[in-house]
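Asker:
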Amino acid sequence: MSVWGVLVAAGSGIRLGAGINKALLLLGGEALFCHGFRALKRVCAGVVLVIRPEDQAEVEEALLHGGLQADRMAYGGETRRQSVENALAQLPADAQIVLVHDAARPFAGEGMMREVIRKAHEAGAAVPALPMTDTLKKSRGEFIAGTQSREGLYAVQTPQGFRRDILERAYKECSDALTDDAGLVERLGLPVALVPGSRHNIKITLPEDFSMAEKLMRMPPRVGLGYDVHRLVEGRALILGGVTIPHEKGLMGHSDADAALHALTDALLGACALGDIGGHFPDTDPAYKGISSLALLEKTVALLQKKGFTPLSCDLTIQAQRPKLAPHLPRMQANIAAALGVSPGKVGLKATTTEGLGFVGREEGIAVQAVAVVEECRL
Ligand code: CTP
Ligand code: MG
Numbered sequence: 006m007s008v009w010g011v012l013v014a015a016g017s018g019i020r021l022g023a024g025i026n027k028a029l030l031l032l033g034g035e036a037l038f039c040h041g042f043r044a045l046k047r048v049c050a051g052v053v054l055v056i057r058p059e060d061q062a063e064v065e066e067a068l069l070h071g072g073l074q075a076d077r078m079a080y081g082g083e084t085r086r087q088s089v090e091n092a093l094a095q096l097p098a099d100a101q102i103v104l105v106h107d108a109a110r111p112f113a114g115e116g117m118m119r120e121v122i123r124k125a126h127e128a129g130a131a132v133p134a135l136p137m138t139d140t141l142k143k144s145r146g147e148f149i150a151g152t153q154s155r156e157g158l159y160a161v162q163t164p165q166g167f168r169r170d171i172l173e174r175a176y177k178e179c180s181d182a183l184t185d186d187a188g189l190v191e192r193l194g195l196p197v198a199l200v201p202g203s204r205h206n207i208k209i210t211l212p213e214d215f216s217m218a219e220k221l222m223r224m225p226p227r228v229g230l231g232y233d234v235h236r237l238v239e240g241r242a243l244i245l246g247g248v249t250i251p252h253e254k255g256l257m258g259h260s261d262a263d264a265a266l267h268a269l270t271d272a273l274l275g276a277c278a279l280g281d282i283g284g285h286f287p288d289t290d291p292a293y294k295g296i297s298s299l300a301l302l303e304k305t306v307a308l309l310q311k312k313g314f315t316p317l318s319c320d321l322t323i324q325a326q327r328p329k330l331a332p333h334l335p336r337m338q339a340n341i342a343a344a345l346g347v348s349p350g351k352v353g354l355k356a357t358t359t360e361g362l363g364f365v366g367r368e369e370g371i372a373v374q375a376v377a378v379v380e381e382c383r384l
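Going by our numbering, the final residue of the sequence shown carries number 384, and the count climbs one at a time with no gaps.
1) At which residues does the alpha helix (DSSP H) containing D170 begin and terminate?
2) Going by the CB atoms, is the gap between A331 and A300 shorter than 8 angstroms?
3) Return yes when the C-beta of R85 is under 7 angstroms from any heavy atom of the ligand MG, and no when it is not.
4) In this structure, does DSSP put R383 in helix, strand or coil?
5) Taking 7 angstroms as the line, does the beta carbon of N206 fall inside it for any heavy atom of the ligand CTP?
6) Taking 7 angstroms as the line, does the beta carbon of G16 fall inside it for any heavy atom of the ligand MG?
7) Take A37 as the anchor and find which of L12, V52, I371, G51 has the nearest alpha-carbon.
8) Sorry if obvious, but does the Cβ on V53 come closer than 7 angstroms to a heavy atom of the ligand CTP?
9) How is the alpha helix (DSSP H) around M118 delimited, first residue to last?
10) Using a threshold of 8 angstroms, state whether the C-beta atoms of K124 and V200 are closer than that.
11) Just how far apart, CA to CA, sit K220 and V121?
12) With a CB to CB cut of under 6 angstroms and the five nearest residues on each side skipped, what residues in its chain are close to L384?
13) According to the neighbour-count rule (16 or more other Cβ atoms, all chains shown, within 10 Å of its Cβ), is A342 buried or exposed?
14) Whose C-alpha, out of D99, R47, E381, Q326, is nearest the C-alpha of G363?
15) Residues in its own chain within less than 7 angstroms of I171 by CB, not counting five upstream and five downstream?
16) Sorted by chain position, which residues of the same chain lie with C-beta nearer than 8 angstroms to R155's C-beta, five sequence neighbours on each side aside?
17) Where in the stretch 150-237 do unbroken runs of the alpha helix (DSSP H), each at least 4 residues long, occur, reported from the N-terminal end onward?
18) Taking the straight line between their C-alpha atoms, what separation do you get for E35 and P349?
19) Determine the contact status of L45 and V55, defining contact as a CB-CB distance below 8 angstroms.
20) To the nearest angstrom, how far is the alpha carbon of V132 from that of A182?
21) Just verifying my parser: in three-state terms, what is the DSSP assignment at C39?
22) Rounded to the nearest angstrom, what separates D185 and D233 at their Cα positions?
23) Hey, would you say F112 sits closer than 8 angstroms to I250, going by beta carbons?
24) In this structure, what does DSSP give as the bridge partners for I371?
25) Any chance you could list the beta strand (DSSP E) runs of at least 3 consecutive residues sitting entirely within the stretch 333-358, in chain order?
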């Protein structure tokens, strides 16, 4: 029995109001549709992904980023119904069971999907559904007109499963504009089985649904570590944390050699597994000669944001025998907070000598350690 999935991601997400197709919004560090796609791939031989032509480049990038591959693609239509119809035309000849799933549901569990498949095979069509638990009211204007029994009432979810012949017939014979696929099969008078759905299998429709989904993702914050050393030489300015500090020596380097910001930049990149500062801003590139490391830090934060990460906090220890750094720490802290887009209270900053020991103690150089904490999956 060959099971194929159809993932419809060709809507526009008007009710969510993010200004882009909600299927492309980042949830847990990847586009929303990728979650449903990965779920389907776990139980299907292949998946037809339905997208809008204008989203194609972003969809392909998101798939690549997630290490995913669409077996087949189709363009969506004006309505969800048309989008599903376009996908059905792409199914391979040997597909016997079809699971139709909304990209707007990122949390479909494997056990539930396998049950939908099993029941669809047995009964011809099956949908995951939840018995209503709230008391139901009918309204007239702003007032209640009556109480409805919730007995026998269900809210249905996706993926909905069908024997392929039944689904194709339903789409051919029913022209009704319904919001789910099982409805068309019902119109044919054919049975549709109920399978237990999941309360976690929420559909993202409104902005509150999206924040609920972020909570459900429960992404733990990520931590990165950075370390940098620069040599102290005469004839250079000493710049740390974006502050120029009066001293008879300064740090040697291709950029302004701000070891504090370099360690922090590496910590941020490390937290996101995005490589290191040398890879992003090579010291062989004349563009970075003498550049302010604050500018590099700002570029790094912009890159993180593009990849779906938000800096939350950081902590740095600067190892310098001289000069005394304490008077300069508040200004460094303010610079770093501004670049990270956090309040100064989220920026830990300390300076220490090494009691005269080692290269720091001999005043040959300054070393900085940094840790950064970032959060994944903000909008
Ligand atoms: N969908 C689709 N093609 C359409 C309309 C909807 O593929 N022409 C998809 C959506 O991408 C979504 C699913 O059908 O994954 C469920 O639709 P819905 O939640 O209504 O999403 P949107 O239509 O994008 O949202 P809205 O109705 O708020 O604009
Ligand atoms: Mg819609």
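By construction, the Cβ of each residue, glycine as well, lies at the ideal position given by its N, Cα and C atoms.
Answerer: In short, the structure shows the following:
1) 169-178
2) no
3) yes
4) The pLDDT assigned to R383 is 36, lower than 50, so where the model puts this residue is not dependable; a value taken from the coordinates is nonetheless given after this. The answer is coil: DSSP assigns R383 none of H, G, I, E or B.
5) no
6) yes
7) What sits at residue 37 in the sequence shown is Leu, not Ala. Out of L12, V52, I371, G51, L12 has the C-alpha closest to the C-alpha of L37.
8) For the ligand CTP, not one heavy atom lies less than 7 angstroms from the Cβ of V53.
9) 115-128
10) yes
11) 26 angstroms
12) Because the pLDDT of L384 is 33, which lies under 50, any placement of that residue in the model is unreliable, and the question is left without a value.
13) It counts as buried.
14) Q326
15) G129, A130, V190, L195
16) P136, M137, T138, D139, T140, L141
17) Assignment of alpha helix (DSSP H) within the stretch 150-237, counting only whole runs of 4 or more residues, yields 169-178, 187-192, 212-222 in chain order.
18) If you take the alpha carbons of E35 and P349, they lie about 29 angstroms apart.
19) no
20) 18 angstroms
21) helix
22) 57 angstroms
23) no
24) H235
25) 352-357
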